[in-house]
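Q: For what it's worth, this note's numbering labels the leading residue of the sequence shown as 1, then goes sequentially.
Note that CB positions come from ideal geometry on N, CA and C, so glycine has one too.
Okay, handing you the structure first.
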Amino acid sequence: MRCPTSNATFDVAVVGAGAAGQTAAIAAASQGRRVALLEQMDRPGLKVLASGGGRCNLTNLAPLADYIKAFGRQGRFIVPAMGALSPADLRRGLVQWGVPTAVGEGGEVYPASQRAADVQAALWRRIEQLGVAIRLGCPVRQLWIETGKLAGLDLSPRDRIAAAKVVLACGGQSWPKLGGTGGGFPLARQGGLEIRPPLPALVPLITSERWPARLAGVSLPIARVWIEARGQDKAGRHGGVLFTHRGLSGPAVLDISGAVSELLRRGPVPLRVEPVAGMDASQWGVQLDAWRGSAGRRGVAGLLAKLLPRSLCDVVCEQAGVEPRTAIAQLSASRRDALAKVLGGMELAVTATEGFETAFVTRGGVDLRGVNPRTLECRLLPGLHLAGEMLDLDGPTGGYNLQWAFASGWLAGQSAAGEQRI
Ligand SMILES: Cc1cc2nc3c(=O)[nH]c(=O)nc-3n(C[C@H](O)[C@H](O)[C@H](O)COP(=O)(O)OP(=O)(O)OC[C@H]3O[C@@H](n4cnc5c(N)ncnc54)[C@H](O)[C@@H]3O)c2cc1C
């Protein structure tokens, strides 16, 4: 492993050895550039290793239009990066580097071995083959700017390296133990970039209600969850919901958690959970009537347990003011309506998220208006490029965030390498 030493000169210096920084280093070094890669942690790629529960959901084969939608209001920003390294390109590259991949039902791509470590090892092998100078355990303190021009990086008061091009790929603030320290934002500010307030996203939610704790560990495989507030998408998200000791988690909840994080700045956020996606209050009314006709002597909770976890049936009955063992034929019209209403959308109030410690990604970060999407170069400080999660973009679960990190890293590395060598 070669180490960049004080006063060494490189064509491109990459800060951060996560998914984005490693692909940036590979892209730049593949074009014959002298590249340095600097990482504050003692090991590279800690999030790649932890991703997908150690299985690494590295991309998703969804069409570009779905990606744009998945990244929200600013989704079009990703288009040039996705053109530089599409999900198919990424899979092809990984096969060439010895990591064949497998595709799940929803287009999620994993290494065929189901081992994130294989993906990280392949990236690192490539970095070493290309002769990238590596320094681990090396937090970059400042950009070195000389008479208004980018000149390199300050590592410590007596330790700097020269590089006309710098790629910042420092990630966000999520999972500090894996390097999510927000350590890149002060560097981006030096380049004149604004930072939109970082917020936890893809994060479990804490509710004011205590009843989810009684169901901790219980999951609903295909539920629907939505934010009951003006301007929010009433369709919400369909997918798994998991009850926790303090509230809610599971893919559908995680996917709306970034929006919840934003709204929490103004107070508690009302949420609704439809335990069986697509079964609204009127559908449940029809179902309850059908049971009344076919199984009138059976208890309400026992019947609900055909479609819902038993422990949830008791909670639903409680909220509707129905004694769980009441024979369904004995249910009054008003209790029947109350039950159908609860089943069509259980009300909860979110008071907080579980925070950056457990957030899979960061919402907010470097304001995109300061960055050219075609080159990922800073508009105010030429030569400074940015990639990955530190930019103000975050996607849902399913491989979207790693795809963005890989693709933007690739484009930033290529763009940084593409211009004149120093
Ligand atoms: C537990 C977990 C599981 C996840 N699973 C998935 C998944 O399966 N699929 C998916 O798509 N996404 C997943 N994500 C999200 C995904 O991992 C991230 O979005 C992605 O890794 C971001 O890559 P990045 O390179 O931009 O940032 P990071 O991976 O955060 O890398 C940034 C690097 O920069 C370093 N750094 C920061 N500041 C400095 C500095 N000043 N000097 C030197 N180094 C610095 C950090 O130490 C870090 O190593 C998961 C996230 C977590 C936390």
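Within its chain, find whatever has a CB closer than 6 Å to the CB of Ala27; leave out the 5 residues flanking it on each side and keep chain order.
A: Trp410, Gly413 and Gln414
Q: Let me make sure I understand the geometry here. Which of Gly54, Gly296 and Ala281 has the alpha-carbon closest to that of Gln330?
A: Gly296
Q: Indicate the three-state DSSP secondary structure (helix, strand or coil) for Asn401 in the structure shown.
A: Of the three classes helix, strand and coil, the one that applies to Asn401 here is helix, per DSSP.
Q: Consult DSSP for Glu377 and reduce its assignment to one of helix, strand or coil.
A: strand
Q: Would the C-beta of Phe243 count as close to ligand 1, meaning under 8 Å from any of its heavy atoms?
A: no
Q: Looking only at its own chain, which residues have a Cβ that is under 7 Å from the Cβ of Gly106, when we skip the five neighbours before and after it?
A: Gly398
Q: Could you compute how far the alpha carbon of Gln22 sits from the alpha carbon of Ala252?
A: 30 Å
Q: Let's see if you can read the secondary structure: which residues bound the alpha helix (DSSP H) around Gly258?
A: Pro251 to Leu263
Q: Quick one: residues in its chain with C-beta nearer than 8 Å to the C-beta of Pro176, no 5 flanking neighbours on either side, listed in chain order?
A: Phe356 and Glu357
Q: Which same chain residues, not among the five before or five after Arg374, have their C-beta less than 6 Å away from its C-beta?
A: Around Arg374: Pro80.
Q: Which value, in whole angstroms, describes the spacing of the CA atoms of Ala223 and Ala169?
A: 36 Å
Q: Report yes if the C-beta distance between Leu386 and Ser408 is below 9 Å; otherwise report no.
A: yes
Q: With DSSP run on the structure shown, which of helix, strand or coil describes Lys69?
A: helix
Q: Nearest-angstrom Cα distance between Pro382 and Ala229?
A: 42 Å
Q: Of the residues His238, Arg266, His245 and Arg265, which one's Cα is nearest the Cα of Leu254?
A: His238
Q: Could you tell me the alpha carbon to alpha carbon distance between Ala122 and Ala50, rounded to whole angstroms?
A: 15 Å
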